[in-house]
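Down below is the structure, laid out as structure tokens.
2 protein chains.
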Amino acid sequence: MNVTIKEVAKKANVSITTVSRVFNGNDGVSPKTRKRVLKVIEELGYSPSAMASGLKTNLSKCIGIAVPDALGDFYGEIIDGIESVTAEKGYNVIISLNHRIIKEELAGVNFFKAKKVDGAILVTTSGDDDYIHSLIEGGYNIVLLDRDPHSLNVDTVKIDNFGGGYMATEYLLNLGHSSILVIQGIPFIDSSKERFNGYKRALKNKGIKIKSQFVLNGNFTVDSGYLSVKKYLDNYGLDFSAIFATNDQMAIGAIKALNDKGISIPEQVSIVGFDDSYISPYIIPPLTTIKQRREEMGKIAAELLLDRIISGHKKGRTPRQVIIPVELIKRESAISLSSK
Amino acid sequence: MNVTIKEVAKKANVSITTVSRVFNGNDGVSPKTRKRVLKVIEELGYSPSAMASGLKTNLSKCIGIAVPDALGDFYGEIIDGIESVTAEKGYNVIISLNHRIIKEELAGVNFFKAKKVDGAILVTTSGDDDYIHSLIEGGYNIVLLDRDPHSLNVDTVKIDNFGGGYMATEYLLNLGHSSILVIQGIPFIDSSKERFNGYKRALKNKGIKIKSQFVLNGNFTVDSGYLSVKKYLDNYGLDFSAIFATNDQMAIGAIKALNDKGISIPEQVSIVGFDDSYISPYIIPPLTTIKQRREEMGKIAAELLLDRIISGHKKGRTPRQVIIPVELIKRESAISLSSK
DNA sequence: AATATTATAGAAAACGTTTTCTATAATAAG
DNA sequence: CTTATTATAGAAAACGTTTTCTATAATATT
């Protein structure tokens, strides 16, 4: 069904070698022949079988991306970023859900050993260090996204979670707030931990002691933000004037919980989120938050990975770690305490 | 670097034929030998090169999915659904952004002609009929998602957009509303058109004439919902009591616009959306909306596609069209007109 | 006991490329 | 004018599988 290199060769009256050379832009063929072959390629709509060439070159021209089970808008943007750079270099991206590639050995096999991908971008939690370590040892090209490399000898791109947490908290502090609730995400995810650390540091720098009851446990879902604040309110009442939610979704949940109790935002409670999700300008009140550039993250990760793939993975090359800066987006959900 | 079938054969003292037979569960090998080979496969961690076997079988064990440029949470769920069924059958999914596969011929070539995918799920607008037609003619396995097949001879899975639009409007009507604004999505996208048609039909069935100024033009973004309602309010003031937004994002934008003018929801204006996005229970007030099961959509699409691939695409087989029912989720953003 | 059948296994071809190695023709150098 | 060099091109091997075809051993049938 598909046209092969042989048919092109035949029609152009050359050997398949020549066709291959023409298609790949290699030299050893005269301008005249090249032109003729090019014409036939065009006419027949030839394009080489990725499998056949991959078999020879040992390159699939695909990279993998493994993302956590629940795809949110969060990952969509990352994938967007990745795809934009890979497409340019003729690479495709195969997507796999984390639990398949990490948890079940089977899929990891499918991914790497079957040579379906030349490398992969992993968005995993820090619990998967052993698996990743073995992948690196195996010579597979890996870049980690949105998590700490720990002691792993691997390229990483992440955003400045600590800085963002610090920035958010400092902003509330400068607004005059000192009783600031924090809603943590999933505690064993690095980004969550680091945002929380930013919070702690900011308080510490102002000489404010961290009240342990002020740290609520969420899991990055809207619902967890809602539930944790509701519970806090039930237990302690309104003994705080601000909330730092470690993502926007939980911030939205928190707003709902406050609203349910008739507490007005930002008049009675200021709130700042993290992520700058597409919805945050439109919630009521518009959410002050830390903006992270997810598409950029994807782009950079893809660039690091392709660089490693194309340059031939010199194992042991010193790992690169890029941290993407974040930005405070001031909207209306946080105001000065004195203006209450 | 990777272990090949040869090494397995050598270590197990059999021919590569036998190894192949064992791995693929074909007969022609005694239980004893099978066991021994299996053991070696395990020890060496062998898994066949997808490229080599694909070259022979002419199957890549990958399917493609082409989605519109901006990935939202919407597509994440679809991909989730697709992946859950493909993974089970040993297929991977390659993702491509629409403009690459459709608009630039180059990427389409990469996708299909290079034999990187055995079939694809296309989430496209209805403007791409010609391209899709040529793909079908070329014998490629295709299923269309979330759009009308028109005259195309192709499998399709979509949700009941018309029914949903009807349901939403009827609900508002039964609540006593008769002046109902509608916010359209991108007009040349089938799902938008159909939801709007549902609206029209519901009004017509009640004998209510459609006021042309009541139909606002959005483009499915939050911002377009916000802007169109804001503009309407500026021009005509509050001469309606309800809004049907053809997706949740525009509903959220609409709520913001109303809120900005001090109009309270649902007391002064009832509103119903479409999608049941994860955020809708948490916006204020919680959004009444039409729920569509996107993951289900992805699952079914994948099943249709794999069925076609595995059964060997008998070209010309009658196309199947599955329509997934929707459901009205009653929350707090729409109330009876009399309870005003 | 001879023959037909079946179970088990391997040899070799094939899939569509890339690449190395060789051969010829054209040009440059002496 | 011969010889060295370079440009151009093809033949053939190789990549790692699957599959067809053939061969032998084991068992069943007469």
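First to last, the protein sequences are chains A and B.
Residue numbers are given in the UniProt record's numbering: position 201 of the first sequence equals residue 201, and the series is strictly consecutive.
Residue numbers are given in the UniProt record's numbering: position 61 of the second sequence equals residue 61, and the series is strictly consecutive.
From the three backbone atoms N, C-alpha and C, an ideal C-beta is built for every residue, glycine too.
This structure is a prediction, so every number in the text was calculated from the model and none was measured.
Bounds of the beta strand (DSSP E) holding A/N92 are N92 to L97. The three-state reading of DSSP puts A/I136 in helix, counting H, G and I together.
In this structure, A/N197 sits near A/F162, with a CB-CB distance shorter than 8 Å. The Cβ of B/A251 sits no closer than 8 Å to any Cβ of chain A. Within the segment 189 to 223 of chain A, the residues whose Cβ lies closer than 9 Å to any Cβ of chain B are, in chain order, T221, V222 and D223. With a threshold of 8 Å between beta carbons, A/M297 makes no contact with chain B.
Between A/D146 and A/M250, the C-beta gap is not smaller than 8 Å, which leaves the two residues out of contact. Scanning its chain for C-beta atoms nearer than 6 Å, with the 5 sequence neighbours on each side dropped, one finds around A/V123 the residues V67, L145 and D146, in chain order. In the DSSP annotation of this structure, the continuous segment of the alpha helix (DSSP H) that includes B/G163 starts and ends at N161 to N174. Chain B has a Cβ within less than 8 Å of the Cβ of A/G76. In this structure, the CA atom of B/L135 is about 11 Å from the CA atom of B/V143. The residues K61, in chain order, have a CB closer than 8 Å to that of B/G90 in the same chain once the five nearest residues on each side in sequence are set aside.
The beta carbon of A/L175 lies closer than 8 Å to those of A242, S270, A334, I335, S336 and L337 in the same chain, with the five residues before and after it left out. Looking at B/E88, B/L305 and B/P285, the one whose alpha-carbon comes closest to that of B/P266 is B/P285. Per DSSP, the continuous alpha helix (DSSP H) segment holding B/N235 begins and ends at V222 to Y236.
Nearest neighbour of A/D129 by Cα position, chosen from A/I79, A/V22, A/D190 and A/F111, turns out to be A/D190. Secondary structure note for A/E327: its beta strand (DSSP E) is the uninterrupted segment E327 to I329. Look at A/D155 here: in three-state DSSP terms it is strand. In the structure shown, B/S126 adopts helical secondary structure according to DSSP, grouped into three states. If you draw a 10 Å sphere on the C-beta of B/I94, you find 16 or more other C-beta atoms in it, and that means buried. The shortest C-alpha to C-alpha distance from B/Y282 to any of A/E332, A/Y226, A/E303 and A/R293 is the one to A/Y226.
The continuous stretches of beta strand (DSSP E) do not include A/F23, which lies in the alpha helix (DSSP H) extending over residues I16 to F23. If you look at A/F244, you'll find it in the beta strand (DSSP E) that goes A242 to A245.
Remark: C-beta atoms of A/L233 and A/V182 do not approach each other more closely than 8 Å. Listed along chain B is no residue with a C-beta nearer than 8 Å to that of A/K261; the closest approach is about 13 Å. Scanning its chain for C-beta atoms nearer than 7 Å, with the 5 sequence neighbours on each side dropped, one finds around B/Y199 the residues G165, T169, V182 and F244, in chain order.
Counting of Cβ neighbours within 10 angstroms places A/H177 among the buried residues, the total reaching 16 or more. Under the Cβ distance rule, B/E170 does not count among the residues neighbouring chain A, no pair being separated by less than 8 Å. Judged by their CB atoms, A/D223 and A/L287 are not nearer to each other than the 8 Å cut-off. Assigned with DSSP and collapsed to three states, B/A251 falls in helix. Chain A places no beta carbon closer than 8 Å to that of B/K6, leaving this residue out of the contacts. Residue contact with chain B for A/E267: absent (no Cβ-Cβ distance below 8 Å to any residue of chain B).
It is roughly 10 Å from the alpha-carbon of B/A120 to the alpha-carbon of B/I309.
Between the segment 23 to 40 of chain B and the segment 19 to 38 of chain A there are fewer than three C-beta pairs closer than 8 Å, too few to call the two in contact. In this chain, the beta strand (DSSP E) harbouring A/A66 covers C62 to V67. Taken through DSSP and simplified to helix, strand or coil, A/D275 comes out as strand.
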